[in-house]
Amino acid sequence: MQNPDHDPGSALAIRTQYRQSQSRAARLRLLVDTGQELTQLAPEAMRQRVLQRACAFLAMDHALLLEWDVDAQVRTTASHGNRDRLRSLEHLADTAMRTAQWQEQPSAVLPNVLRVPLRGGDGAAFGALMLANSVSISAPDTEDIESLQLLATLLAAHLENQRLLDALVARERTMSDLVHRLFRAQEDERKRMAYDLHDGLAQTLAGLHQRLQGFAGRCPSLPEELGADLQTILALAQHCVGEGRQLISGLRPTVLDDFGLLKAVDKEADRLRDAGIKVNWSTRCEARLPSQVEIALFRIAQEGINNILKHAQASHVALALELHDGQASLRVDDNGKGFAMEQRLDTCGARHLGLAAMQERASLLGGDFTCVSLAHGGTRLRATVPSDLNGTAQ
C-alpha cells in the first residue's frame, strides 16, 4: 500500500491549491492596497497608480486610461509605457463597451490588449482601462479579469466622486458670485435711489416746509381754527422731511461715504438711543477702510440693530470696531431675550434669513461671521473681514 505522504497526485493537488491561494491573496492585496492608497491621492495620481498596479498584477508593460465626455469625445488621462506604441491603443476605445475584453493582434506592435470599462453609478461606461504587452502572453484567467474589473470600478467610483465634488464646488462658486453681484447691484440701486430722493423729493419737501413757515410768519393773526390747521400742516410737512431723511439714510447713509464706518454705525445706533436703549462703544477705530469692507460691515451692523429693535427687548447694546493684523472686526452685543441656536446659519429658514445674509456678506469678502445666542441670555454678533482688500467702491 502506497504512503499518502508520497503520493504524487496528492503533492500535485497540494501544489495546485497553494498556487490558487497565492493568486487569491495577490488579487486581494491588489484591491485592498490600491483602495487604501486611492483615498490619499489626487485624481491624477489615482489614475497613474491604478495603471502601475494593473500592469504589475498582469505582468504587462503598457497601459492607457481613456475617458470620454457626454459627447463621446475621448481623451487620454494617464499612460504607462512607450508613447509611440501606446498610440496604437487609442483607436481601440469603445464608448459602448460593457464588459472586459481580451484581444489578440499577432502582427501589431502590442499583440495582446485587455480592455476594462470604467462604469459610473448608473452603470454606463465613461472610460476604459487599456492594458497591453509588447510580447505575446496567454490570456488572463476569469478571476484575474474580474479582479481588474473590480479595480477599474474602484477607480471609477473615486473619479465620479471627484467629478461630483468639482461640480459642487463650481456650483457653489457660481452661487457666491451671483450673490456678490446681487449685493453689489443692490448697493448701486440703493445709492442711486438715495441720490434721486435727496435731489428730488427731499428737496421738494424741504422747500414746501420752508414756504409754509414763511406763509405762517406772514399771517400772524389768522383765526384760531385756521391757525391750528396751519400748525398741523407745518408739523406734517416737518414730519415728512424727517421721514425722507431717514429713508435716504437707510438706503445709503451719506455719513458712510463722507466720514467712514465708525461714524455711520454710531449714527445708525441713534435709533437704539431713541428707543431708550443704552449704547456704549468698547473699542473704536476711525481708520477708513476699502469701500466694499465699509459697506459690508455697515450692512451687518444695520441688520443687527434692526433685529435688536424688532425682537431683542434689550436695555443695553455694546458695539466694537477694531483693526488688528490686517483684519477689521465688528461686534454687536445685546442683553436681550436671545433665541435658541438650533441649527447652522447657512441652513436656517426665513426666521433667521437676516443672519444668513450677514454671514454671506462676510464670507464674500473672505471673512467670518459668528452669532452666539441663548434664550434669555442675549445675542453676540461678530464679523471679521480682511481690511486690505483692493477694488473700487460697490
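Counting from 1, position 236 in the sequence shown corresponds to residue 236 in the UniProt record's numbering; the numbering is continuous, with no gaps. C-beta: ideal position from N, C-alpha, C; glycine also.
| said: Less than 6 Å between C-beta atoms, sequence neighbours within five positions excluded: which residues of the same chain meet that for V279? | reply: A269, L272, R273 and V317
| request: Keeping to the same chain, check which residues put their C-beta closer than 6 Å to that of L155; ignore five residues upstream and five downstream. | output: V50
| request: Going by CA-CA distance only, name the one from L365, S387, L31 and M46 that's closest to F57. | output: L31
| Cβ atoms of S79 and L89: under 7 Å apart, would you say? | no
| query | How about the stretch 251 to 261 and the stretch 284 to 295: do they share at least three Cβ pairs that are nearer than 8 Å? | reply | Result yes; three or more Cβ-Cβ pairs closer than 8 Å.
| query | Which first and last residues belong to the alpha helix (DSSP H) in which M46 is found? | reply | P43 to L58
| request: Determine the DSSP secondary structure at M175, reduced to helix, strand or coil. | output: helix
| Quick check: the stretch 211 to 222 against the stretch 189 to 197, are there 3 or more CB pairs under 8 Å? | no
| Under 6 Å from any heavy atom of the ligand SAM, does the C-beta of S373 make it? | The ligand SAM is absent from the structure shown, which contains no ligand whatsoever.
| said: Output needed for N303: all residues of its chain with C-beta closer than 6 Å, excluding positions within five of it in sequence on either side, in chain order. | reply: Residue identity check: residue 303 is Glu in the sequence provided, not Asn. Only G354 and M358 meet the Cβ criterion.
| said: Please classify L381 as buried or exposed, where buried requires at least 16 neighbouring CB atoms within 10 angstroms. | reply: That one is buried.
| message | Beta-carbon within less than 8 Å of A375's beta-carbon, same chain only, minus the 5 sequence neighbours each way: which residues are those? | response | Cβ contact annotation for A375 (same chain, cutoff 8 Å, sequence separation greater than five): K337, G338, F339 and A340, in chain order.
| request: Go through its chain and collect everything with a Cβ distance to S147's Cβ below 8 Å, but skip five positions before and after it. | output: R27, L30, L31 and F57
| message | Tell me which residues share the same chain as P253 and place their Cβ nearer than 6 Å to its Cβ, disregarding the 5 neighbours each side in the sequence. | response | A264
| Whose CA, out of L251, A275 and L330, lies closest to the CA of K310? | A275
| task | Mark G242 as exposed unless 16 or more other C-beta atoms lie within 10 angstroms of its C-beta, in which case mark it buried. | result | exposed
| request: Report all residues from its chain with a CB closer than 7 Å to the CB of C285; omit the five preceding and five following residues, and keep chain order. | output: L262, L321, E322 and L323
| query | Cα-Cα, which of S134, E189 and D122 is closest to A157? | reply | D122
| query | Pairing CB atoms from the stretch 37 to 45 with CB atoms from the stretch 67 to 75, are three or more of them under 8 Å? | reply | The stretch 37 to 45 vs the stretch 67 to 75: no contact.
| field | Continuous alpha helix (DSSP H) stretch holding E360: start and end | value | L353 to L364
| Beta-carbon separation of F126 and L114 under 7 Å? | no
| request: Take the Cβ of H239 as the centre, count every other Cβ of all protein chains shown within 10 Å, and call the residue buried at 16 or more, exposed below. | output: Residue environment analysis places H239 among the exposed positions, since fewer than 16 neighbouring C-beta atoms fall within 10 angstroms of its C-beta.
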